[in-house]
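Undergrad: One structure follows; several queries about it will come next.
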Amino acid sequence: MTPRQLAQRAQAEIRKSADPGFAAQQSAYFKKWEKVLFRGLKTPDLRRIERALYQEVRKRWTYADAVAFCEQLMPDRYLETKALALMLLMRYRRQFEQNLLQRAKSWLERGLCDNWAVTDHLATRIISSLIDKFEPLAATVESWNRSPNLWVRRSSAVAFVKPAGKGRHLDRAYRVATALQADDEDLIHKACGWLLRECGKADAKRLESYLLEHGPAIPRTTLRYAIERFPEAKRRQMLEATRMSRR
Numbered sequence: 032m033t034p035r036q037l038a039q040r041a042q043a044e045i046r047k048s049a050d051p052g053f054a055a056q057q058s059a060y061f062k063k064w065e066k067v068l069f070r071g072l073k074t075p076d077l078r079r080i081e082r083a084l085y086q087e088v089r090k091r092w093t094y095a096d097a098v099a100f101c102e103q104l105m106p107d108r109y110l111e112t113k114a115l116a117l118m119l120l121m122r123y124r125r126q127f128e129q130n131l132l133q134r135a136k137s138w139l140e141r142g143l144c145d146n147w148a149v150t151d152h153l154a155t156r157i158i159s160s161l162i163d164k165f166e167p168l169a170a171t172v173e174s175w176n177r178s179p180n181l182w183v184r185r186s187s188a189v190a191f192v193k194p195a196g197k198g199r200h201l202d203r204a205y206r207v208a209t210a211l212q213a214d215d216e217d218l219i220h221k222a223c224g225w226l227l228r229e230c231g232k233a234d235a236k237r238l239e240s241y242l243l244e245h246g247p248a249i250p251r252t253t254l255r256y257a258i259e260r261f262p263e264a265k266r267r268q269m270l271e272a273t274r275m276s277r278r
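Counted the way this note's numbering counts, the sequence shown spans residues 32 to 278.
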């Protein structure tokens, strides 16, 4: 079965399992300006469909086939279709090649990941895996914080979330968070808060020092996300100590 044929199967299976009622509920999690379309599939159903499709091709497909499958489905307007494409691509993570990073960036720049959910799926799974496998790519992803594209900038932070939680790339993570402090987008503030919170899992004292040092410049949304794992008394202390934030 070719990537095009499996892509058509995937779209048909997703349509068959659509739940308009659940689709209406999902929109509550997104900004009004994020034009996200849903079929209304719950995650277990999407995983079931992806697993069945993968079983059909796993003995014959190569990494290149999986990438071609993604190229077929990423332009689809429905969130579930994009998510399924990325889920199947992750099956081939051991065969990932460095040039996949540029392809991932092109999906972001072309507006094929124009909401936080698909962007984060791509960043935490595909891009993060590439950083793990090809260390030099971390510098490239860090540099994305200067992009005029919102989703590329968000990926520059979210891609380091998983590594930071394991104590890897902490210096880069803090540099990205610092570079994005002046960003006007709320979705960037939240991404940086998430990233800093994960940095704190690896080194809580370093996070506390960073927040106290940069407190007046850190958006309040970022700060609140960053201190979520602190004890309640410590959270109150940090909020008070950084009260003079300009945001």
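Even for Gly, the Cβ is constructed at its ideal location relative to N, Cα and C.
Going by Cα to Cα distance, which pick from Leu131, Leu104, Leu243 and Phe53 is closest to leucine 143?
TA: Per the Cα distances, Leu104.
Undergrad: Can you tell me which of the three DSSP states threonine 155 falls into?
TA: In this structure, threonine 155 counts as helix in the three-state DSSP scheme.
Undergrad: Give me the Cα-Cα distance between threonine 253 and arginine 267, rounded to the nearest whole angstrom.
TA: So the two alpha carbons sit approximately 15 Å from each other.
Undergrad: Check whether the segment 65-85 touches the segment 42-55, counting contact only when three or more Cβ pairs, one atom from each stretch, lie closer than 8 Å.
TA: Enough Cβ pairs lie closer than 8 Å, so yes.
Undergrad: Round the Cβ separation of tryptophan 147 and arginine 185 to the nearest angstrom and send it over; I've been treating them as touching at under 8 Å.
TA: The pair is a contact, with the Cβ atoms about 7 Å apart (cut-off 8 Å).
Undergrad: Any idea what DSSP makes of leucine 68, helix, strand or coil?
TA: Of the three classes helix, strand and coil, the one that applies to leucine 68 here is strand, per DSSP.
Undergrad: Apply the 10 Å Cβ neighbour rule to isoleucine 219 and answer buried if 16 or more other Cβ atoms are within range, or exposed otherwise.
TA: Buried: at least 16 other Cβ atoms inside 10 Å.
Undergrad: On the three-state DSSP scale, how would you describe tyrosine 256?
TA: Reduced to three states, the DSSP call for tyrosine 256 is helix.
Undergrad: Taking only the alpha-carbon atoms, compute the straight-line gap between glutamate 65 and alanine 43 and give it to the nearest angstrom.
TA: So the alpha carbons of these two residues sit roughly 25 Å apart.
Undergrad: What is the DSSP secondary structure of tyrosine 241, counted as helix, strand or coil?
TA: Tyrosine 241: helix per DSSP, three-state reduction.
Undergrad: Drop a sphere of 10 angstroms on the beta-carbon of cysteine 101, count the other beta-carbons inside from all chains shown, and report buried for 16 or more, exposed for fewer.
TA: Flag for cysteine 101 reads buried.
Undergrad: Under the rule that 16 or more other beta-carbon atoms within 10 Å means buried, what is glycine 231, buried or exposed?
TA: Buried.
Undergrad: In three-state terms, what does DSSP make of aspartate 123?
TA: Residue identity check: residue 123 is tyrosine in the sequence provided, not aspartate. In this structure, tyrosine 123 counts as coil in the three-state DSSP scheme.
Undergrad: Between Met121, Lys265, Trp225 and Gly224, which lies nearest to glutamate 81 when the distance is taken from Cα to Cα?
TA: Ranking the options by Cα distance to glutamate 81, first place goes to Met121.
Undergrad: Could I get the ranges of all uninterrupted alpha helix (DSSP H) runs contained in the segment 39-68, with 4 residues as the minimum, in chain order?
TA: For the segment 39-68, whole alpha helix (DSSP H) runs of length 4 or above, ordered along the chain, are 51-57.
Undergrad: At what residues does the alpha helix (DSSP H) containing glutamate 271 begin and finish?
TA: Per DSSP, glutamate 271 belongs to the alpha helix (DSSP H) from 263-272.
Undergrad: I'd like to know if the segment 188-195 and the segment 107-121 are in contact, where contact means that at least 3 CB-CB pairs between them fall below 8 Å.
TA: Too few Cβ pairs lie closer than 8 Å, so no.
Undergrad: Tyrosine 256 and tryptophan 225: beta carbons closer than 8 Å?
TA: It is a contact, given that the beta carbons lie within the stated cut-off.
Undergrad: Can the beta-carbon of alanine 235 be found less than 8 Å from the beta-carbon of cysteine 223?
TA: Against a cut-off of 8 Å, the Cβ pair of cysteine 223 and alanine 235 comes out as no contact.
Undergrad: If you compare alpha carbons, which of Glu229, Ile157, Arg134 and Asp215 is closest to asparagine 176?
TA: Here the closest residue by C-alpha is Asp215.
Undergrad: What residue range does the alpha helix (DSSP H) around glutamine 212 cover?
TA: Careful: glutamine 212 lies outside any alpha helix (DSSP H) and carries neither H nor E.
Undergrad: Within the same chain, show all residues whose beta-carbon is closer than 7 Å to that of glutamate 169, passing over the 5 residues directly before and after it, in chain order.
TA: The displayed chain sequence assigns alanine, not glutamate, to residue 169. The answer, listed in chain order, is Ile162, His200 and Arg203.
Undergrad: Classify serine 159: buried if its beta carbon has 16 or more other beta carbons within 10 angstroms, exposed otherwise.
TA: Serine 159 should be labelled buried.
Undergrad: Taking C-alpha atoms, which residue in Glu259, Arg46 and Gly246 lies nearest to glutamate 271?
TA: Closest by alpha carbon: Gly246.
Undergrad: Comparing alpha-carbon positions, which option in Glu259, Asp151, Arg251 and Pro262 lies nearest valine 183?
TA: When only C-alpha atoms are compared, the closest one is Asp151.
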